[in-house]
Every structure is written in structure tokens, then in C-alpha cells.
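The block underneath contains the structure these notes are about, expressed in C-alpha cells.
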Amino acid sequence: MTDTGEQYEASASALGYLFQFAKALHICIEQWMSGDMDWSVAVEAADDIEIHQGPDTRLIQLKQRAEGVRMTDLAEDLWKTLRIWAEAAKADRIALAETKLFLLTTAEIPANSAAFCLQPRGSQYRDEERALHLLREARKASKATKGSLPKCFEAFDNLDRGDRPLQRSLMSRIEILSGTPNITEVRTALQGLAAFAVGHDAAKSFLVRLEGWFYNRVIEQMQTQGGSPVTGIEFDEMLSDLQRQFRYDNLPIDSDISDMASDPSQAADQQFVRQLGLIGVGADRIGLAVRDYVRAFAQRSRWSTENLLRAGELGKYERKLVEEWQSRFAEMAEELGPEATEDEKKKEARLIYRWVDREARFPIRSGCDETFVTKGSYHMLADELKVGWHPDFSARLIALLEPARAR
86 MTDTGEQYEA SASALGYLFQ FAKALHICIE QWMSGDMDWS VAVEAADDIE
136 IHQGPDTRLI QLKQRAEGVR MTDLAEDLWK TLRIWAEAAK ADRIALAETK
186 LFLLTTAEIP ANSAAFCLQP RGSQYRDEER ALHLLREARK ASKATKGSLP
236 KCFEAFDNLD RGDRPLQRSL MSRIEILSGT PNITEVRTAL QGLAAFAVGH
286 DAAKSFLVRL EGWFYNRVIE QMQTQGGSPV TGIEFDEMLS DLQRQFRYDN
336 LPIDSDISDM ASDPSQAADQ QFVRQLGLIG VGADRIGLAV RDYVRAFAQR
386 SRWSTENLLR AGELGKYERK LVEEWQSRFA EMAEELGPEA TEDEKKKEAR
436 LIYRWVDREA RFPIRSGCDE TFVTKGSYHM LADELKVGWH PDFSARLIAL
486 LEPARAR
């Protein structure tokens, strides 16, 4: 059985990563709203979050802690962060003159502590010399010989060894912000920004899709050595496209659905497949029909679940599809007449199905022109016997069902 302490550590670690992802997305949206697209954001690269904008770099450390936790002068969160930055500066992995270092924490900062003296520039309490003095005194007073602190102290000491003393330079680049919103508050803020982008009704659905794209994109960046960060231009294209999908005249088409594959054998007993069998459609085209059916069914279900459809919208859409089919079906029956042979019926029926497959493009909304929606919706109607291809489709399929019902 997993130790309770281990479970807590694992949960805290997972929550920490989610916090980073959410905060990075929040930063991207705020950067995007500024109108300047000359920026990039990376997660777990040089730091928890790394931001480049023009020649400047911002490195951000995030610390989410329980209510009541205080960042004292010997707090591990403070010293672990100093170690990361000290080692990077000593090894020239960061250029201090061009880099701003931010520690964002949900913890409280005691008055007159080192962290208190490193509040953002412009604060009346900012005192870099005082902060450095307090850190040196805390380091001297510490009796720690185990754990992470001794290595943190060593990294800090090393900054002033050699011909380039760097402790003061490091202090000049650090800003510590307490009272940072936690993950719940960040997600609430994201929800508000989503509502600003697409309105309150669609905000949740919009944010789910934006988060899904962003998290996958960041994972891709993290999995590749030196993976490319999310750029302002890339984010603008993605967000603008997503906004278009949530306009009044459009609906979102989700990539996990539009990429769906299907197994025709699983649908062999469905009525829309039997309808295609009646007119001699080949196995390959039946496979494509099943794919369109599966995608349309899944996308329409998601729209309904997320309340993205207007009242009665699907019913109106299906009525339009049926009426477009009715005129063609009636014309076919009229052309064939009562004496038509089975081969003639199948030939004409395949022409009707060809129209559905190649030409029928009736978007549910004017901006939502994904073809599988129309074609798959026709197959859904065919499955309910509301439309069909063979002139006698209704009678024949009902006859097929009778033995099964009798059993």
C-alpha cells in the first residue's frame, strides 16, 4: 500500500505542474491581450515558466503553499529558488543583465524578511542590500547539515567566489510577489478571460478546448530537448481560430473527433449500413460512411452536452436535410415508374447516394462547413429510416426487422 506521505507528495507534485500549466496559459492570454505578439512562453525550460519578449527574458518560479505558510529567511522555497538561479548565473546559463527573476508564491512574507525586501521594483519596502544582508545572516545562523539547504547555501556562496562577485547582481534582478493567486483562482481568472473572448454561455467549452491545445503543446515542448516555446504569433492564430469557431454563425469542430477512425464491422447491423447494402455500395465506401456517421454522432453529442446548440436547432437542421432529400427521392420514384427492374432501382438509388456523398453540403450554421457533419447526419437519418436510397428501402428494412422482433 502506498504511504500516505508519498501520496501527499505525489499529489502536491502533480498539482504543482497543473499550476504551472494554468499560470503559463494565463500569462499567454494576458500577453495576447496586450496586442504585442513578439513574445514566447516555455514551461519547465530554464525555469518553471520562461518568457522572452524582444531582448528581455523573464524567469518565473511558482510556489503554491497551504494557507498560513510563511516564507522566512530560511524557508526551503526561497533557498531552493536561489540555488536554481545562482547555479544558472554562475554557469552563464542566464545573462543577469538581460533577465528578470520572479518568485511568485501563495505563502505569506513576514515583514522585514529578505523576501519582504525583494518586493517588486517601485515598492517602498524594496531594499536589495538589506535582503542580501538578511540572507547572509540566515545562512550563517543555520545549523542545517542535511536536506536541501546545505547545497543551496553552497550555490549561493559560490556566486561571490572567483573574480566576478554575483550576489549583488542576483539580488538586483529578483522580485518576490506574495499572495499570488492559487490554481483555483487562476482557473477562475481564465474562465473570466474566456467569457470576455466568447461570452459567458460558451466560456467553459471554449476554455476546455484552449487548455487542451495548450497543454498538449507544452507537453510537446517539454518532451523535446530544446523544444520550441509557444510564440505570440502561434498563440494568436490558435486563439483567433478558436474564437471564430464560437461565433454566432459557427460551431467548434474538435480535432479528436475529426480525426476519429472507425471499424465498419462494429456497425454491420445498423440500418444505415443495411441501406447501403441494399443498393450495392462497396465495402470501402461503407467504411467511409461509418466513419462519417461516428464523427457526426460524436460531434453533435458534444455540442448538445455542452449546450452549444440553440433550442430546436438540430430538429430544424434535420428537417432541412430530409426536405432536400424528399424532392430528389420523389423525382427518382417518378422516373422509375411501377415497372422498373431491380437493377434500374439500384442504379437510380446509387445516384441519390452519390449526391449525398459528393454534393450535399448543408452546414448546420453558415460558418460550420465540415463535410462529415452533413454526410454523417444523413446516415443518422438513414439509421432511423427517415431517409433512404433504394425506392423500397422502408418496406424491405422493416421486413428484415420483423423476424428479429418476433424472436
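Under the working numbering, the first residue of the sequence shown carries the number 86, and numbering increases by one thereafter.
Ideal placement from N, C-alpha and C gives every residue a C-beta, glycine not left out.
**OP:** Just confirm the distance between the C-beta atoms of Q355 and L470, as a whole number of angstroms; I'd bet it's less than 8 Å.
**Re:** As a working mapping, residue 355 is identified with position 270 in the sequence shown. As a working mapping, residue 470 is identified with position 385 in the sequence shown. The C-beta distance from Q355 to L470 rounds to 11 Å, too long to fall under 8 Å, and the pair is not in contact.
Original post:
In or out: H475 buried (at least 16 other Cβ within 10 Å) or exposed?
Top reply: Position 390 of the sequence shown, counted from the start, is the residue given in the question as residue 475. Counting Cβ neighbours within 10 Å, H475 comes out buried, since at least 16 surround it.
Subject >> Inter-residue spacing [alpha-carbon to alpha-carbon] between Y438 and G284 >> reply: Taking the sequence shown and counting its residues from 1, the one referred to as residue 438 is at position 353. Taking the sequence shown and counting its residues from 1, the one referred to as residue 284 is at position 199. Y438 and G284: Cα-Cα distance of roughly 40 Å.
**OP:** Please report the residue range of the alpha helix (DSSP H) in which D242 lies.
**Re:** As a working note, residue 242 is residue 157 in the sequence shown. Where D242 is concerned, the enclosing alpha helix (DSSP H) stretches over L234 to N243.
Subject >> Nonlocal neighbours in the same chain, by C-beta distance under 7 Å from A467, ignoring five residues either side >> reply: For the purposes of this step, residue 467 is taken as residue 382 along the sequence shown, with counting starting at 1. Closer than 7 Å at Cβ, skipping near neighbours: Q356, F357, Q360 and G473.
**OP:** Assign K236 to one of two classes, buried (16 or more other C-beta atoms within 10 Å of its C-beta) or exposed (fewer than that).
**Re:** Start at 1 with the first residue of the sequence shown, and residue 236 comes out as number 151. Exposed: under 16 other Cβ atoms inside 10 Å.
Original post:
Nearest CA to the CA of I261: which residue from V128, S208 and Q204?
Top reply: Residue 261 sits at position 176 when you count from the first residue of the sequence shown. The residue with the shortest Cα to Cα distance from I261 is Q204.
Original post:
Between D286 and V458, what straight-line distance do the alpha-carbon atoms span, to the nearest angstrom?
Top reply: Within the sequence shown, residue 286 is the residue found at index 201, counting from 1. Within the sequence shown, residue 458 is the residue found at index 373, counting from 1. C-alpha separation (whole angstroms): 23 Å.
Subject >> Proximity to G264 [Cα-Cα], best of I338, L393, I318 and A200 >> reply: As a first step, residue 264 must be located in the sequence shown, where it is residue number 179. Checked all of I338, L393, I318 and A200; the closest Cα to G264 is A200.
**OP:** Note down the Cα distance separating I114 from E319, rounded to an integer number of angstroms.
**Re:** On the sequence shown, residue 114 is found 29 positions in, with the first residue counted as 1. On the sequence shown, residue 319 is found 234 positions in, with the first residue counted as 1. Rounded to whole angstroms, I114 to E319 spans 12 Å at the Cα level.
**OP:** Spell out a yes or no on whether the segment 411-427 and the segment 391-399 are touching, meaning 3 or more CB-CB pairs, one atom from each, closer than 8 Å.
**Re:** Verdict: no, contact absent.
Original post:
Are the segment 124-138 and the segment 294-308 touching by the rule of at least three beta carbon pairs closer than 8 Å?
Top reply: yes
Original post:
Looking at the unbroken alpha helix (DSSP H) that takes in Q411, where does it start and where does it end?
Top reply: Along the sequence shown, read from residue 1 onward, the residue named residue 411 stands at position 326. From DSSP, the alpha helix (DSSP H) with Q411 extends over E398 to L421.
Subject >> Among R413, A192, E270 and A434, the one whose alpha carbon lies nearest that of G362 >> reply: Looking up residue 362 in the sequence shown gives position 277. With distances taken between Cα atoms, G362 lies closest to A434.
**OP:** In the DSSP assignment, find the unbroken alpha helix (DSSP H) run with R143 in it and report its ends.
**Re:** Here residue 143 corresponds to residue number 58 of the sequence shown, with the count starting at 1. Careful: R143 lies outside any alpha helix (DSSP H), inside the beta strand (DSSP E) at D141 to K148.
Subject >> Among D454, E296 and G153, nearest to I194 - alpha-carbon criterion >> reply: Here residue 194 refers to the residue found at position 109 when the sequence shown is read from its first residue. Of the listed residues, the one whose Cα sits closest to I194 is G153.
Subject >> Distance, L110 Cα to K225 Cα >> reply: Taking the sequence shown and counting its residues from 1, one reaches residue 225 at position 140. Taking the sequence shown and counting its residues from 1, one reaches residue 110 at position 25. Going by the C-alpha atoms only, they are around 40 Å apart.
**OP:** May I have the straight-line CA-CA distance separating L144 from A374, to the nearest angstrom?
**Re:** Stepping through the sequence shown from its first residue, residue 144 is reached at position 59. Stepping through the sequence shown from its first residue, residue 374 is reached at position 289. So the two alpha carbons sit approximately 51 Å from each other.
**OP:** Could you spell out the range, first to last residue, of the alpha helix (DSSP H) harbouring I304?
**Re:** Here residue 304 refers to the residue found at position 219 when the sequence shown is read from its first residue. Note, I304: alpha helix (DSSP H), H285 to Q308.
**OP:** Output yes or no for whether 9 Å exceeds the beta carbon distance between L255 and A174.
**Re:** As a first step, residue 255 is located in the sequence shown; it is residue number 170 there, counting from the start. As a first step, residue 174 is located in the sequence shown; it is residue number 89 there, counting from the start. Yes, the pair counts as a contact, with Cβ atoms nearer than the cut-off.
Subject >> In DSSP terms, what Q138 is bridged to >> reply: Looking up residue 138 in the sequence shown gives position 53. For Q138, DSSP records a beta bridge to W124 and D141.
**OP:** Pull up the distance between the alpha-carbon of D377 and that of D121, whole angstroms please.
**Re:** As a position in the sequence shown, residue 377 is number 292, starting the count at 1. As a position in the sequence shown, residue 121 is number 36, starting the count at 1. Across the structure, D377 and D121 are spaced so that their CA atoms are roughly 41 Å apart.
Original post:
Should L399 and R385 be called a contact, given that it needs their Cβ atoms to be closer than 9 Å?
Top reply: Along the sequence shown, read from residue 1 onward, the residue named residue 399 stands at position 314. Along the sequence shown, read from residue 1 onward, the residue named residue 385 stands at position 300. Yes, Cβ-Cβ distance for L399 and R385 is below 9 Å.
Original post:
Taking DSSP as the reference, what is the three-state secondary structure of E260?
Top reply: Here the question's residue 260 lines up with position 175 in the sequence shown. E260 falls in the strand class under three-state DSSP.
Original post:
Can you tell me the Cα-Cα spacing of A396 and S340, whole angstroms?
Top reply: Mapped onto the sequence shown, residue 396 falls at position 311. Mapped onto the sequence shown, residue 340 falls at position 255. The straight-line gap from Cα to Cα measures roughly 25 Å.
**OP:** Specify the secondary structure class of F187 as computed by DSSP and reduced to three states.
**Re:** For this step, residue 187 is matched to residue 102 along the sequence shown. The answer is strand: DSSP assigns F187 an E or B state.
**OP:** List the residues that DSSP assigns as beta-bridge partners of V315.
**Re:** Taking the first residue of the sequence shown as position 1, residue 315 is located at position 230. Bridge partners of V315: V126.
Subject >> R446, DSSP secondary structure in three states >> reply: Counted from its first residue, the sequence shown places residue 446 at position 361. It is coil, neither helix nor strand.
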